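Q: In full-length UniProt numbering, the protein residues as written are 1 to 63.
Glycine is no exception: its CB is placed at the ideal position from the N, C-alpha and C atoms.
Remember, predicted model here, so these are calculated numbers, not experimental data.
Following this message is one structure expressed as structure tokens.
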């Protein structure tokens, strides 16, 4: 969202049901931060440790 009042923008962002909300910018995603959809949106988590957990399958190898 775009706003001349950063404090108010953060209050509005806190009330949104969204996985990512940008304030006065767009598209800046840090690859260390998990990114994913909310409710019926998206394909699950990507990026960060949570993204690795989403894509991986734990396996035990014993010998």
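Compute the distance between the beta-carbons of residue 56 and residue 32, then report whether it is under 8 Å.
A: In the chain shown, counting from the first residue as 1, residue 56 sits at position 56. In the chain shown, counting from the first residue as 1, residue 32 sits at position 32. Their beta carbons are not under 8 Å apart, which means residue 56 does not touch residue 32 by this criterion.
Q: Near residue 22, which residues of its chain fall below 8 Å by C-beta distance, leaving aside the five closest residues on each side in sequence?
A: Within the chain shown, numbered from 1, the residue matching residue 22 stands at position 22. Here the set comprises 1 and 28.
Q: Rounded to the nearest angstrom, what separates residue 15 and residue 4 at their Cα positions?
A: Within the chain shown, numbered from 1, the residue matching residue 15 stands at position 15. Within the chain shown, numbered from 1, the residue matching residue 4 stands at position 4. In a straight line, the C-alpha of residue 15 is about 18 Å away from that of residue 4.
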